[in-house]
Amino acid sequence: MAELLLEVKNLKKYFSTPRGMLHAVDNVTFNIEKGKTIGIVGESGCGKSTLGKTLMRLHTATSGQVLYKGADIAAMPLKEFKQKYRSNIQMIFQDPYASLDPRMSVLQLVEEPIRVQNPKMSKSEVTSQAKNMMELVGLAKRLEGSYPHELDGGRRQRIGIARALSLHPEFIVCDEPVSALDVSIQAQILNLLQDLQRDRGLTYMFITHDMSVVKHISDDIAVMYLGQMIEKCKADEIFKHTIHPYSQALLSAIPIPNAHVKHERMVLKGELTSPINPKPCCRFAARCPYATDRCFGEEPVLRELKPGHSVACHFAEQFVKE
Amino acid sequence: MSENILEVKDLVIHYETDEEVVEAVNDITFTLKKGQVMGLVGETGAGKTTTALGIMGLLPSKVGHVIQGSIKLEGEDLLRKSPREMRDVRGKRISMIFQDPMTALNPVKTVGDQIAEVVLLHNRCSKAEALKRAQEMLAMVGIVPERYKDYPHQFSGGMKQRIVIAIALACEPDLLIADEPTTALDVTIQAQILDMMRKLQKDHGTSMILITHDLGVVAEMCETVAVMYAGQLVEFGSLEEVFDNPKHPYTRALYQSIPSLDKDVERLHVIPGMVSDPSNLPPYCSFFERCDEKCDRCRDFEPWAVEVDPGHVVRCLQYTPEWNGGEK
Amino acid sequence: MAKMHTPAMERIEKKNARRKKPVQSTPAYESWKRFKRNPTALIGLAVVIILILIAIFAPLIAPYDYQAQDYLSMMQKPSAAHLFGTDTFGRDIFSRCIYGTRYSLLIALFCTIAAFFSGGLLGIIAGYFGGKVDTIIMRIMDIFQAIPMIMMAMCIVAVLGNGIPQLVAAIMFASMPTMARNNRAAILRVRGADYIESSEAIGVGQFKMIIKHMIPNAIGIMIIYFVGFLAVSILMMSSMSYIGVGLAAPTPEWGLILNDGKAYLTNAPYMTLFPAMMIMITCFAFNLMGDGLRDAFDPRLK
């Protein structure tokens, strides 16, 4: 059994809204092994970004535990978290256009985290570390004085990666890091992330809505729907033996770039609702083509169907294909 | 009459400001047959949207200039039409669907009124008839017709895009230009919208240009494909030709750089460098710097379009006699 | 050839050839470039600069002392000797208007700075902390705004008498709510930005966040409001002086000069025309400049 870096237990994050309690992350439990990548997949509004930000302590959890090497980082005072764990857990943001301060130059942006976390370090030391970091992520030296608005999305995302890496974290939450990038640039960034993981033993939580990206980069995959985790297994497994009806629909909805594959598609009815004051039923029931009365009356729990493959569906056994 | 609905020939579009000239579209030529769906593929800044705006006659005034070329809709050159005549063409004969359904709708008018407005603009009919038509259109795109009295904010993202499509199709245009119609939507919603668009296109025989960066969407929807890079059509042909037998180095690299669901690859193929800057293009092949298959001769010429197979056009020097003069 | 060469491209190539070295494109430089391209904004800026020069060199420009009374030449029409004519005491209206520039600009600046450091700061605090702090500050500002400005000025003058500090105080209290609201909005817009969250993620502290990220990004919008407020202050000041709750005679303030001439509007319109024009030109120039700054700092707002 590999070493567990992060154990998330019954994590909940609710937001109070004028219309009621929004269950953004509801009772999510999973583990992340050191040096591995877990892919969190789901559509917008499923709570995957909130989950990432809750692990980062950018949101404070409503209840539940997040054990980082055994220490509960969700419950400890924010001050203690910032002192001891801020550097260990970092994040790469979705939109490289909005997540960099437009009034800072590239070098300043990369220096900032180093300076903040090492207030006693000399200015020249900070600069030299920042320069090393720029080289590591493939930012040319001549870009030091440039401002984000002069750079393309790929380079901006490299700045974002350099900022996260310069604190030498062990765990990085990647929140849709390539969604805003062009296809040819996307491949560059994905390769960079993989190289860094290999060289530095990083652990990733990779949040995305793109199934092909998540398959490429992840070891484990968890599918989220309206704040809950509905299926969790090894990356290969989900593409071969999809069990949950929602995962099936999600997979069949992906357009395949092949002129000859015309696959039968499972088109879902309706759209995602928002999880405000949810009733105790399967949250997917309203859109599920197989839903029965039981699905509308009882909430399914995530249970292990076969070793390493968990599903939250009352009728999961029926969907197991051998 | 010809069977081609749209013929674009030698089209060049520049954006001119005091600071720079952006060569957005550089000499593109393509034809679209009646009832056909063409995919226009390319990355940010490749000139896809500019091409569409050029066809619609909606280039930003003062800045956007058509330098040369012709755009013929059923034989009539749209570039020779007056702005007034173009207003009649837009909406009635060509419609466009924009990327972001959130901003394409007027928030203070009911969706029924917004559909009826287009109908009234292009047809002689009463308000009541137009509203009746609006309800038919809503039903056609899968929205309960009774909701015609609702305002845009009462609909979800996917529903809004359905309404935008209803507006675009209200006057039964001959040509529909869809600019990334599903990019802002989730996959399961995208699947719904694509299904619906395909059905409507079949039923009405509308010709369509689908602008997208997603090769998967192209494979599902289109019969012909045009790949754009730095304002040029680098490859144009039928879906099967371009997907099974890509000729241009850019098209090939593009396929290799997307993670595949069927194959496992350790590392993705990378197209080095950045997307070319259209305000600073070289006098030779724009893809030269990033190309895997380049040779020294590539710096001497601007490549021209070569028909490698019937209907399959590639703009790359390696398919011309000049290539043999150089070494690979 | 596929790529076309157009006259516009040649023009730009020539322009680039003339430029010695590429200029580092900082966000501030980009803003200046946008401002420079805007002719109306440049006109505004030019007029403001001229007005400032007039204010500085008033003693050199004005042909007469602004309070020198000359009973031999009372209420004269504009002539070569008295460009704007003379008032009921025979004072040269041109000289009074020139000196008036000094008073008006300076007091307007004081008022705006005072409003910025009271209302503006409260707005920044309200915007940053949000929640209860926000509610309390903004409700107090609402109460302030409910009191008519003229009435407040009259009360202040009634208690403390006429004078520059009283005038500044009156205008400051009157403009605090708007200033607070504007700055609060500027901070709120910045606070919601992704880069604030990304800085939070690398552990930037609260104080540094305000100083290093929020203020630099909000300052552009704040400057726009600041310039706009200069125009508003001049208007407020003049109208208060005009109805007699502003400055006391014989200060050569534009509103006061207007007040002097109001009784002779029909037979000596020049006595009011010229000071009114000064007020109008000044406000117009500030507004032009403000609009130019808005386009320059915030091209998306347009």
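Protein chains in written order, with my numbering: chain X, 1 to 322; chain F, 323 to 650; chain R, 651 to 952. Glycine residues also receive a C-beta, built at the ideal position from the N, C-alpha and C atoms. Being a predicted model, the structure only gives us computed values, none of them experimental.
Does the beta carbon of S608 (chain F) sit closer than 7 angstroms to a beta carbon anywhere in chain X? Chain X, which has no Cβ nearer than 7 angstroms to the Cβ of S608 (chain F), makes this no.
* To do: Could you run through the region 91-117 of chain X and flag, in chain order, every residue whose CB is less than 7 angstroms away from some CB of chain R?
  => Flagged, chain order: M91, F93, D95, A98, S99, L100, D101, P102, R103, E112, P113, V116, Q117.
Can you look up G905 (chain R) in the DSSP assignment and give me helix, strand or coil? Reduced to three states, the DSSP call for G905 (chain R) is helix.
Checklist entry - Applying the criterion that 16 or more other CB atoms from any shown protein chain within 10 Å of the CB defines a buried residue, is V320 (chain X) buried or exposed? => result Exposed, by the Cβ-count rule.
Taking Cβ positions only, does H216 (chain X) come closer than 7 angstroms to chain F? It does; some Cβ of chain F falls within 7 angstroms.
Under 9 angstroms, CB to CB, which of the residues in the region 200-231 of chain X have a partner in chain F? Residues H209, D210, M211, S212, V213, V214, K215, H216, I217.
- Query: Roughly how many angstroms lie between the CA atoms of D525 (chain F) and L498 (chain F), to the nearest whole one?
  - Reply: Taking the Cα positions, D525 (chain F) is about 14 angstroms away from L498 (chain F).
Q.
Please report the straight-line C-alpha distance between K650 (chain F) and V636 (chain F), rounded to a whole angstrom.
A. Reliability of the predicted coordinates at K650 (chain F) is poor, the pLDDT of 41 falling under 50, and the value obtained from them is presented with this limitation in mind. One C-alpha to the other measures close to 19 angstroms.
| query | Where are the beta strand (DSSP E) runs, 3 residues long or more, that stay fully inside the region 208-283 of chain X, in chain order? | reply | If you keep only unbroken beta strand (DSSP E) runs of at least 3 residues inside the region 208-283 of chain X, you get 220-225, 228-234.
Which full runs of the beta strand (DSSP E) of 3+ residues lie inside the region 539-566 of chain F, going along the chain? Those beta strand (DSSP E) runs which fall completely within the region 539-566 of chain F and span 3+ residues are 546-551, 554-560.
Against chain B, which members of the region 37-71 of chain X pass a CB distance test of less than 7 angstroms?
The chain inventory of the structure shown lacks chain B, comprising the protein chains X, F and R.
Fill in: Under 7 angstroms (Cβ pairs) to chain F, residues found in the region 651-665 of chain R
If the cut-off is 7 angstroms between Cβ atoms, the region 651-665 of chain R has M651, A652, K653, M654, T656, A658, M659, I662 near chain F.
Query raised in the report: In terms of residue numbering, what span does the beta strand (DSSP E) encompassing H387 (chain F) cover?
Result: Looking at the DSSP string, the run of the beta strand (DSSP E) that includes H387 (chain F) is 386-395.
Contact list for Q390 (chain F) against chain R, beta-carbon separation under 7 angstroms | Annotation: Cβ neighbours of Q390 (chain F) in chain R (cutoff 7 angstroms, chain order): M654.
Fill in: Which residues DSSP lists as bridging K355 (chain F), in chain order
Beta-bridge analysis with DSSP links K355 (chain F) to F:N326.
**OP:** Tell me whether L722 (chain R) is buried or exposed, calling it buried when 16 or more other Cβ atoms sit within 10 Å of its Cβ.
**Re:** Exposed is the call here.
* Exposure label - C805 (chain R); buried when at least 16 CB within 10 Å -> C805 (chain R) is exposed by the Cβ-count criterion.
- Item | Residue from F:T351, F:E342, F:M518 with nearest C-alpha to E329 (chain F) | Cα-wise, what sits closest to E329 (chain F) is F:T351.
First through last residue of the alpha helix (DSSP H) which encompasses R469 (chain F) = Here R469 (chain F) belongs to no alpha helix (DSSP H), and DSSP marks it neither H nor E.
Worksheet item: Do you know whose CA, among X:V8, X:T37, X:D101, X:R19, lies nearest L196 (chain X)'s CA?
Response: Taking only the C-alpha atoms, the option nearest L196 (chain X) is X:T37.
Practice item. May I ask you to list, following chain order, the residues of the region 538-559 of chain F that have a beta carbon less than 8 angstroms from some beta carbon of chain X? Key: Those would be G538, V539, V540, A541, E542, in chain order.
Item checked: P568 (chain F) classed as buried or exposed, judged by whether at least 16 other C-beta atoms fall within 10 angstroms -> If you draw a 10 Å sphere on the C-beta of P568 (chain F), you find 16 or more other C-beta atoms in it, and that means buried.
Based on Cα-Cα distance, which residue from R:D941, R:A899, R:L755 lies nearest to Q717 (chain R)?
Comparing Cα positions, the closest option is R:A899.
Return helix, strand or coil for E341 (chain F), following the three-state DSSP convention. Here E341 (chain F) sits in coil by DSSP.
(Q) Considering only the alpha carbon of each residue, which of F:V411, F:E342, F:T432 lies closest to N666 (chain R)? (A) Looking from the CA of N666 (chain R), the closest CA among F:V411, F:E342, F:T432 belongs to F:E342.
Can you give me the Cβ contacts of G911 (chain R) inside the same chain, cut-off strictly under 6 angstroms, excluding the 5 residues immediately before and after it?
So the qualifying residues of the chain are M921, T922.
Can you tell me where the beta strand (DSSP E) holding H23 (chain X) begins and where it ends?
Note, H23 (chain X): beta strand (DSSP E), 20-33.
Review point. To the nearest angstrom, how far is it from the Cα of K862 (chain R) to the Cα of L943 (chain R)?
Key: Rounded to the nearest angstrom, the two C-alpha atoms are 22 angstroms apart.
Does the Cβ-Cβ distance between L268 (chain X) and G45 (chain X) come in under 7 angstroms? Taking a C-beta distance under 7 angstroms as the contact criterion, L268 (chain X) and G45 (chain X) do not qualify as a contact pair.
Worksheet item: Taking three-plus beta-carbon pairs below 8 angstroms as touching, is the region 459-474 of chain F in contact with the region 499-510 of chain F?
Response: At 8 angstroms Cβ cutoff, the stretches do not touch.
- Message: Please list the terminal residues of the continuous beta strand (DSSP E) segment that includes T534 (chain F).
- Response: Counting along the chain, the beta strand (DSSP E) containing T534 (chain F) begins and ends at 529-534.
Exercise for review: Return the bridge partner residues of S16 (chain X) from the DSSP annotation.
Suggested key: Checking the DSSP bridge columns, you'll see S16 (chain X) partnered with X:M21.
message: So R287 (chain X) and P275 (chain X) are supposed to be a Cβ contact under 8 angstroms. How far apart are they, rounded?
response: With 8 angstroms as the limit, R287 (chain X) and P275 (chain X) do not qualify as a contact, their Cβ atoms being about 14 angstroms apart.
ask   = Got a sec, what are the start and stop residues for the alpha helix (DSSP H) V183 (chain X) sits in?
value = Looking at the DSSP string, the run of the alpha helix (DSSP H) that includes V183 (chain X) is 183-200.
Would you list, in sequence order, the uninterrupted alpha helix (DSSP H) runs of no fewer than 4 residues that lie entirely inside the region 422-455 of chain F? For secondary structure counted as the alpha helix (DSSP H) over 4 or more consecutive residues, the region 422-455 of chain F holds these complete runs in sequence order: 423-426, 433-444.
* To do: Can you check DSSP and say which residues form a bridge with F171 (chain X)?
  => Bridge partners of F171 (chain X): X:I89, X:T203.
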